[in-house]
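**Student:** Before I ask anything, let me first share the structure, which is written out below as structure tokens.
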Amino acid sequence: MIQDIVDFSSMQHDRIRRLCDEVDTAGRSGKQRLFNQLAELVSRHEFSDRKVIYPSVVDHTTGGAADAVACMVEAGNILRELSGLQRVAADDVTFDARFANLHRVLLNHMAHEERAEFPLLRLYVPAQRLHAMANEAHDVQTMRRRGSGRSGTSPAASRGAR
Ligand SMILES: [Fe+2]
Numbered sequence: 067m068i069q070d071i072v073d074f075s076s077m078q079h080d081r082i083r084r085l086c087d088e089v090d091t092a093g094r095s096g097k098q099r100l101f102n103q104l105a106e107l108v109s110r111h112e113f114s115d116r117k118v119i120y121p122s123v124v125d126h127t128t129g130g131a132a133d134a135v136a137c138m139v140e141a142g143n144i145l146r147e148l149s150g151l152q153r154v155a156a157d158d159v160t161f162d163a164r165f166a167n168l169h170r171v172l173l174n175h176m177a178h179e180e181r182a183e184f185p186l187l188r189l190y191v192p193a194q195r196l197h198a199m200a201n202e203a204h205d206v207q208t209m210r211r212r213g214s215g216r217s218g219t220s221p222a223a224s225r226g227a228r
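In our numbering, the protein residues as written are 67 to 228.
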């Protein structure tokens with residue numbers, strides 16, 4: 067695999083940003099399907115961030131621990147918001163306002179990781195390890211997807227997985 071963990075995560079962040087914009091602008095029929103795709107991607111992305119990125123930032127960089135902890139707290143809030151929204155249909159009157167809030171916190175969270183964590187990983191962690199981390203994140207996410215039908219991810223979210 068040619069990607070390292072920073073490339074891998076940055077590409078997923080871009081995909082999450084695009085999907086958020088698509089949910090924002092989708093008509094009634096497409097909104098639920100796009101939101102389900104977004105929910106599935108955000109869920110497995112945050113899961114692998116927690117397993118692969120945050121521990122490395124805490125253990126192998128200088129000065130990154132506080133930001134890693136702050137990012138973990140942000141991720142927890144995002145997953146709670148996401149799970150609340152998964153219980154609301156996309157045509158519910160509250161959906162757009164709640165989604166706008168989720169969209170905002172997601173953008174802030176990803177910008178925080180890109181600003182505070184990614185440069186430290188590139189600075190302190192050897193390139194070979196960064197590449198191994200990309201493989202680990204990929205594997206963790208694959209296991210998460212395979213297990214999603216049994217681990218509480220909503221059937222709607224599972225159906226929307228790409
Ligand atoms: Fe991330």
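Each residue gets a CB set at the ideal place from its N, CA and C atoms; glycine is no exception. This one's a predicted model, so the numbers in the text were calculated from it and none came from an experiment.
Can you determine whether any heavy atom of ligand 1 sits closer than 7 Å to the C-beta of Glu179, and answer yes or no?
**Tutor:** Glu179: yes, Cβ under 7 Å from ligand 1.
**Student:** Starting from the Cα of Asn143, find the closest Cα among Leu104, Leu172, Ser122 and Asp157 and give me that residue.
**Tutor:** Comparing Cα-Cα distances from Asn143 to each of Leu104, Leu172, Ser122 and Asp157, the minimum goes to Leu172.
**Student:** At a cut-off of 7 Å, is Ser75 close to ligand 1 when judged by its beta-carbon and the heavy atoms of the ligand?
**Tutor:** Yes, the beta carbon of Ser75 sits closer than 7 Å to at least one heavy atom of ligand 1.
**Student:** Who are the Cβ neighbours of Ser220 in its own chain at under 7 Å, not counting the five residues just before and after it?
**Tutor:** Low local confidence applies: a pLDDT of 43 at Ser220 is under 50, so the model's placement there is unreliable, with the coordinate-based value given in what follows. The answer, listed in chain order, is Gln152.
**Student:** Mind listing, in chain order, the continuous alpha helix (DSSP H) runs of no fewer than 4 residues lying wholly within the region 116 to 142?
**Tutor:** Whole alpha helix (DSSP H) segments, 4+ residues: 120 to 126.
**Student:** State yes or no: is the C-beta of Met176 nearer than 7 Å to some heavy atom of ligand 1?
**Tutor:** Met176: yes, Cβ under 7 Å from ligand 1.
**Student:** Between His79 and ligand 1, is there a pair consisting of the residue's CB and a ligand heavy atom that are separated by less than 7 Å?
**Tutor:** Yes, since a heavy atom of ligand 1 falls inside the 7 Å radius drawn around the Cβ of His79.
**Student:** Compute the minimum distance between the beta carbon of His111 and the heavy atoms of ligand 1, and state whether it is under 7 Å.
**Tutor:** Yes, the Cβ of His111 comes within 7 Å of a heavy atom of ligand 1.
**Student:** Run through DSSP, which three-state label would Arg153 get?
**Tutor:** Here Arg153 sits in coil by DSSP.
**Student:** Can you grab the Cα-Cα spacing for the pair Glu112 / Ala141, in whole Å?
**Tutor:** Spanning the two alpha carbons is a distance of roughly 7 Å.
**Student:** Roughly how many angstroms lie between the CA atoms of Glu179 and Pro192, to the nearest whole one?
**Tutor:** Rounded to whole angstroms, Glu179 to Pro192 spans 19 Å at the Cα level.
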